[in-house]
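As they're listed, the protein sequences go chains E and H. 4 is the number of the first residue of the first sequence in the working numbering; add one for each residue after it. 4 is the number of the first residue of the second sequence in the working numbering; add one for each residue after it. Step one of this worksheet: look at the structure below.
There are 2 protein chains.
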Amino acid sequence: MDPRIREHAQVLADAVSLDTGDNLVIKAEPAADDLIVALYELAGDRGAHPVTIRTNRGGRAIRGYLRSADQAGVEFETPGHEQALVESADCHVVIRATENVTEMDDVDSDTTAAYQQAHSPILNERLTDRWTLTQHPAPANAQLAEMSTEAYENFVYDAILKDWDGQREFQANMVEILDDAEEVRIASGETTDVTMSVAGNHAINDTNKHNLPGGEVFTAPVPDAVTGEVLFDKPVYQNGREVLGARLVFEDGDVVEYDAEKNEAVLESILETDPGAKRLGELGIGMNRDIDQFTYNMLFDEKMGDTVHMAVGRAYEATVGEDNEQNQSAQHVDMIVDMSDNSRIEVDGEVVQRDGTFRFEDGFEE
Amino acid sequence: MDPRIREHAQVLADAVSLDTGDNLVIKAEPAADDLIVALYELAGDRGAHPVTIRTNRGGRAIRGYLRSADQAGVEFETPGHEQALVESADCHVVIRATENVTEMDDVDSDTTAAYQQAHSPILNERLTDRWTLTQHPAPANAQLAEMSTEAYENFVYDAILKDWDGQREFQANMVEILDDAEEVRIASGETTDVTMSVAGNHAINDTNKHNLPGGEVFTAPVPDAVTGEVLFDKPVYQNGREVLGARLVFEDGDVVEYDAEKNEAVLESILETDPGAKRLGELGIGMNRDIDQFTYNMLFDEKMGDTVHMAVGRAYEATVGEDNEQNQSAQHVDMIVDMSDNSRIEVDGEVVQRDGTFRFEDGFEE
């Protein structure tokens, strides 16, 4: 086994503080088998109890399930046994890795959305425990990234097995700015100019805890205080489908107009899931400079320097101030804006990033 | 996908009466992936909710877990989250299929036994629900059977996809005899002569319900009423280890002496698990004539015509009469006696099978 797989498992076990007696749930497809084995070794070492279940998106099994449920006109329910498992768990490692990233291509988007909706109580339960989400470098994921499997393995492990203390310090500069902020404006080219309130909400220094790789600073917009227009100029992947050129127009927090250059129907099914899916749940600033190329994988792409991302749907509880509303939704879909050129982030009227360079870095032009 | 895989899934779904709203747990390794996919399709079709978890024997993950737990001196506990999952489930499909049948070869037998012991409340819980156990013809299992993968696929599907109504009728003859029996004597050559009481216990006509393939008639001996000696002349596989020539001597139901030609330590770890592991929990008569060769796989071997098998450990509740004791144990390990030559089954002093031929068949010699 590549020794980096065992190092990866160690980073994940530390991320969820895996300890004696912990009931651990690993959520993964067989394509992640090596990493699952390494996690079982660590669980044994620490006296924790591992159970592995399938993911509910991306595999052949769930595709087959959703297609025949669709055909049979099944109304989805929250499965009580999976809920009982998650309620009795202490920590969760969710691993992305698949044999085919387009496995869900012939599943109806509305069916998938209805299924996710029925599962949202389980997701919410998981978010109250210790959890982390990561990527195992399976060949199909390398293919999506347009890289050889070996090059992709190097890319993934470079992004994950790094100096997280140094990264935390660098990001703390941005946390300080965003934590005190009232209003954030994101402007890029002629196509994006959006202003949102983040007053009273918290900025999180994401490094090696909930996402591996981490490398972003994120907060929640106040749900009814987002106005303007955004063109997400990097592709969004949802259940194996690529939405290109998604454009959202916000008024008083709600998406009042939207379109996309490709797969607008997928964008529609996301936004129409529930009322919260039409509001922002997250604003994130990508700051992991070791992620040096787009790989069409949000877990990495959103952490890149020179980008910001916004998610429609559920807000993370930790980002919401106690007097503020937490946006609720079965969805949480991140979308990226490239900020490397003709772009700026303004906080309370002051420019804090211009063309990808932060004001606390060398080379920032006032 | 081989169309027989979908037929197999159908037989399994029928075996557990899979229906709308059922919480289904599939227990399987990735080597069974095609059959898992086919079961998910059926679950969708019938409006059931599938969750797949790993088996707790045979895979790389559990091997790694047990080895490091052993090294760390972990005391095994019943994992609460897996227990909660199983308690909230309605039905269970357990699939055998592995990438390497000797994966557990370098795991300490005592460690495995202690782990199984900690999991026995979960196993007991599953046995109160609807459940079935089957085999998917993975290449490693074909290798164990000393067959090509394709020949093994044919063997497996011939044994499973058959006329179960006809089989049920044939077996009913033996059920009638055994159900009314007081005492059963099994004699083979110079090495096996054992007498046991089955008075008050029930004979079960096993066809296409708990085992696929089925094809046996089985009951429970009265735990303290087994006397004599048995040489199990077919190999016993336990966690990838082969016990050859296991010999047990019974007095008043207890194993008072035992040895084996190969891997006696494995036999020892089975028998020493708990007091019930030294008593018989099952007597079975193999009657599936479509299983025409030994494949070193108890699920098939015990169903062959011309054999009987006895299991040390737990008795199945359904076989135990209400005034009789049910043998309890964390173990249930079947062992086979070849009855094709110089052998007979006697029930209350009358010969009911001689050299593999039943008295209700043509060719039986009084």
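Where is the CB? At the ideal position from N, CA and C, for every residue including glycine.
Hey, would you say residue i sits closer than 8 Å to residue j, going by beta carbons?
{"i": "alanine 206 of chain H", "j": "glutamate 185 of chain H", "result": "no"}
{"i": "phenylalanine 253 of chain E", "j": "valine 259 of chain E", "result": "yes"}
{"i": "cysteine 94 of chain H", "j": "leucine 21 of chain H", "result": "yes"}
{"i": "asparagine 26 of chain E", "j": "serine 91 of chain E", "result": "yes"}
{"i": "glycine 231 of chain E", "j": "threonine 210 of chain E", "result": "no"}
{"i": "isoleucine 339 of chain H", "j": "aspartate 293 of chain H", "result": "no"}
{"i": "valine 239 of chain E", "j": "leucine 251 of chain E", "result": "no"}
{"i": "threonine 322 of chain H", "j": "phenylalanine 221 of chain H", "result": "yes"}
{"i": "isoleucine 29 of chain E", "j": "leucine 42 of chain E", "result": "yes"}
{"i": "proline 226 of chain E", "j": "arginine 317 of chain E", "result": "no"}
{"i": "leucine 15 of chain E", "j": "valine 54 of chain E", "result": "no"}
{"i": "alanine 148 of chain E", "j": "tyrosine 261 of chain E", "result": "no"}
{"i": "lysine 306 of chain H", "j": "glycine 289 of chain H", "result": "yes"}
{"i": "asparagine 208 of chain E", "j": "leucine 136 of chain E", "result": "no"}
{"i": "arginine 49 of chain E", "j": "threonine 23 of chain E", "result": "yes"}
{"i": "phenylalanine 235 of chain H", "j": "alanine 223 of chain H", "result": "no"}
{"i": "valine 104 of chain E", "j": "alanine 143 of chain E", "result": "yes"}
{"i": "alanine 116 of chain E", "j": "serine 272 of chain E", "result": "yes"}
{"i": "alanine 121 of chain E", "j": "arginine 347 of chain E", "result": "no"}
Would you verify that the beta carbon of residue i is, or is not, closer than 8 Å to some beta carbon of chain E?
{"i": "serine 71 of chain H", "result": "yes"}
{"i": "threonine 230 of chain H", "result": "no"}
{"i": "tyrosine 261 of chain H", "result": "no"}
{"i": "aspartate 22 of chain H", "result": "no"}
{"i": "arginine 60 of chain H", "result": "no"}
{"i": "glutamate 44 of chain H", "result": "yes"}
{"i": "glycine 67 of chain H", "result": "yes"}
{"i": "proline 33 of chain H", "result": "yes"}
{"i": "aspartate 113 of chain H", "result": "no"}
Got a sec: is the Cβ-Cβ distance from residue i to anything in chain H below 8 Å?
{"i": "serine 200 of chain E", "result": "no"}
{"i": "alanine 64 of chain E", "result": "yes"}
{"i": "valine 40 of chain E", "result": "yes"}
{"i": "aspartate 132 of chain E", "result": "no"}
{"i": "aspartate 36 of chain E", "result": "yes"}
Cβ closer than 9 Å: which chain H residues qualify as neighbours of residue i?
{"i": "histidine 84 of chain E", "result": "Asn26, Leu27, Val28, His52, Val54, Ala87, Leu88, Val89, Glu90, Ser91, Ala92 and Asp93"}
{"i": "proline 140 of chain E", "result": "Chain H residues near proline 140 of chain E: none, gap ~17 Å exceeds 9 Å."}
Under 7 Å between beta-carbons, which chain H residues line up against residue i? List them in chain order, please.
{"i": "valine 77 of chain E", "result": "Gly47 and Gly50"}
{"i": "valine 19 of chain E", "result": "Residues of chain H passing the Cβ test: none, with the nearest at roughly 14 Å."}
Residues of chain E with CB closer than 7 Å to the CB of residue i, please, in chain order.
{"i": "aspartate 182 of chain H", "result": "Correct list: empty, because the minimum Cβ distance to chain E is about 36 Å."}
{"i": "proline 124 of chain H", "result": "Here the premise fails: no neighbours, minimum Cβ distance about 13 Å."}
Any beta-carbon of chain A closer than 8 Å to the one on residue i?
{"i": "serine 346 of chain E", "result": "Protein chains in the displayed structure are E and H, and chain A is not among them."}
(message) Tell me which residues of the segment 46 to 57 of chain E have at least one Cβ-Cβ distance to chain H shorter than 8 Å, keeping chain order.
(response) Residues of the segment 46 to 57 of chain E with a C-beta atom less than 8 Å from some C-beta of chain H are Ala46, Gly47, Asp48, Arg49, Gly50, His52, Pro53, Val54, Thr55, Ile56 and Arg57, listed in chain order.
(request) Select from the segment 95 to 110 of chain H all residues with a C-beta closer than 8 Å to any C-beta belonging to chain E, and list them in chain order. (result) Cβ proximity to chain E below 8 Å picks out nothing from the segment 95 to 110 of chain H.
(request) Say whether the segment 324 to 337 of chain H touches the segment 275 to 285 of chain H, bearing in mind that this needs 3 or more beta-carbon pairs closer than 8 Å, one atom from each stretch. (result) Cβ pair count under 8 Å is three or more, so yes.
(message) Under 8 Å: do the segment 352 to 363 of chain E and the segment 54 to 63 of chain H share three or more Cβ pairs, one atom per stretch?
(response) The segment 352 to 363 of chain E, when compared against the segment 54 to 63 of chain H, does not touch it at the 8 Å Cβ threshold.
(message) If contact is defined by three or more beta carbon pairs under 8 Å, each pair taking one atom from either stretch, is the segment 30 to 38 of chain H in contact with the segment 97 to 109 of chain H?
(response) Flag = yes, the segment 97 to 109 of chain H and the segment 30 to 38 of chain H touch.
(message) Does the contact criterion of 3 or more C-beta pairs under 8 Å hold for the segment 124 to 131 of chain H versus the segment 155 to 169 of chain H?
(response) Judged by Cβ distances under 8 Å, the segment 124 to 131 of chain H makes no contact with the segment 155 to 169 of chain H, as fewer than three pairs qualify.
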